[in-house]
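Numbering (my numbering), first residue to last: 1 to 469.
Beta carbons are placed, not taken as given, at the ideal position from N, Cα and C, and that holds for glycine.
To keep things clear, I will list the structure first and then write my remarks on it.
The structure is reproduced here in structure tokens:
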């Protein structure tokens with residue numbers, strides 16, 4: 001089998017050279033082996049299971065760097081009407097590892113027969129000819145609840161025949177803070193009617209206690225975040241790639257990019273920051289691995305002493321709250337004489353956080369108490385018991401979300417980002433004369449940066465004590 005694959009690759013490479021020559025002669029643009037992939041270069045549709053399997057068996061993978069790891073393979077899973085790819089590695093005698101989400105849905109259970117459904121394709125690298133290996137049995141898959149918090153994503157399966165390649169050693173030491181780990185990954189693309197891939201190398205630096213995953217703050221945390229700005233380029237098809245240390249030992253495996261902040265509700269801008277700034281990986285330390293995995297590392301002594309996740313999430317929530325308190329203090333200093341209407345001297349105003357709708361939250365001003373209440377009440381004495389509704393212009397500061405050097409959430413409100421927002425203020429003068437209290441509500445106009453139905457303030461105000469004295 002290995003010899004046939006090697007011959008096929010040689011034929012394909014020769015065909016590629018001929019095709020390239022023809023393209024140059026014809027002055028036309030032709031696709032290259034290393035071309036830009038389409039949106040789902042890791043997935044190829046098919047009419048049925050047989051067609052999916054036929055396409056899977058045509059998969060070819062090559063090596064782009066000189067030191068390609070011979071233990072890394074392109075994983076291809078066969079579904080009813082599609083073939084999908086990930087990255088896998090040899091971590092035991094005839095045993096491979098990848099992400100659980102790479103395994104076809106109907107095979108994600110111990111003991112499942114995976115013959116004809118999962119294949120590994122190893123490239124031709126120095127000292128090793130190209131090989132194809134077929135899955136025989138699923139040993140273990142992790143479970144991820146849909147819509148729930150992120151959790152480790154791993155799967156192990158046995159191969160029908162043991163590849164003639166070295167096995168990577170798994171480590172239970174976890175991830176060190178700010179350490180850089182190697183990622184051997186397969187970048188897939190579609191070539192004609194089948195999948196192909198290129199084995200590449202990336203570097204990922206661990207990041208403890210980020211705003212996206214505050215509970216990942218020690219070497220044994222089940223999940224770990226990695227900085228994208230350290231060369232940790234991850235794309236579809238890289239899922240399952242091993243994270244190895246300087247000794248070549250596997251500390252964990254790549255899960256992918258962040259899509260949802262598991263610690264809290266996030267805005268659209270936060271989602272974009274997560275996707276662009278952080279990568280997510282599973283830690284092999286402290287995982288409850290199956291007894292059949294004889295090469296699995298022993299559990300570290302500190303596995304039972306990890307920090308409480310709920311407490312760490314709470315601490316991050318408190319930290320973000322303090323960030324917003326500081327923002328409101330800054331706005332308070334900027335907001336002197338910012339309310340331009342007949343009521344700028346009627347109320348004392350304070351900065352308040354508002355919902356930004358689909359975008360980031362913002363800050364505006366809301367009345368906190370009634371100033372010069374006796375003069376103010378006399379002003380509306382002729383209104384009787386009628387409620388008053390008056391148009392009002394209020395400043396609104398758009399917040400800018402960012403990330404600090406240590407990947408904590410950063411929020412700022414630039415003074416030049418102020419805009420005027422129209423609204424209406426509703427109150428009842430007779431209620432104030434009668435009770436000394438008054439319910440005040442300010443509502444956004446339809447073109448405001450938040451939902452038109454969102455009330456800025458709906459509470460009962462009293463006279464400002466300082467003014468009454």
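Query                                                                                                                        : Result
Distance CB(residue 102)-CB(residue 237) smaller than 7 Å                                                                    : no
CA-to-CA distance, residue 433 to residue 459, given in whole angstroms                                                      : 17 Å
Neighbourhood of residue 461 by C-beta distance below 6 Å, restricted to the same chain and skipping five residues each side : 369, 370, 438, 440
Short Cβ contact (7 Å threshold) for residue 72 with residue 85                                                              : no
C-beta atoms of residue 297 and residue 171 nearer than 7 Å                                                                  : yes
Residue range of the unbroken alpha helix (DSSP H) whose run includes residue 431                                            : 429 to 435
Reference residue 64; option with closest CA among 419, 44, 87, 185                                                          : 185
Beta-carbon proximity check, residue 44 vs residue 195, cutoff 7 Å                                                           : yes
CA-to-CA distance, residue 430 to residue 276, given in whole angstroms                                                      : 55 Å
Nearest-angstrom Cβ-Cβ length linking residue 154 and residue 97, presumed shorter than 8 Å                                  : 7 Å
Stretch pair the region 274 to 294 + the region 320 to 331: three plus CB contacts closer than 8 Å                           : no
Own chain residues within Cβ distance below 6 Å of residue 26, not counting five before or after                             : Residue confidence is low: residue 26 scores 35 on pLDDT, short of 50, so the model does not pin down where it sits. Its coordinate-derived value is still stated next. Once the five neighbours on either side are set aside, residue 26 has no close Cβ partner at all.
Cβ shell of residue 351 (< 7 Å), same chain only, five flanking positions each side left out                                 : 328, 331, 332, 335, 363, 365
Contacting residues, own chain, Cβ-Cβ under 7 Å from residue 234 (five flanking each side not counted)                       : 254, 256, 257, 279
Cβ neighbours of residue 50 in the same chain (closer than 8 Å, five flanking residues each side left out)                   : none
Beta-carbon spacing of residue 83, residue 62 below 7 Å                                                                      : no
Cutoff 7 Å; reference residue 320; Cβ partners in own chain excluding five residues on either side                           : 409
Status (buried if at least 16 other CB within 10 Å, exposed otherwise) for residue 124                                       : buried
Exposure of residue 105, with buried meaning 16 or more beta-carbon neighbours within 10 Å                                   : exposed
Cβ pair residue 112, residue 91 closer than 7 Å                                                                              : no
Alpha carbon of residue 47 to alpha carbon of residue 56, nearest angstrom                                                   : 13 Å
Unbroken beta strand (DSSP E) run spanning residue 52, endpoints                                                             : Taken as a continuous stretch (DSSP letters only), residue 52 belongs to no beta strand (DSSP E), being part of the alpha helix (DSSP H) at 49 to 56.
Nearest-angstrom Cα separation, counted from residue 224 out to residue 413                                                  : 31 Å
Straight-line gap, residue 157 to residue 140 (C-alpha atoms, nearest Å)                                                     : 7 Å
Pairwise C-alpha distance: residue 109 and residue 79                                                                        : 16 Å
Identity of the residue in 68, 100, 54, 59 nearest residue 81 by Cα                                                          : 54
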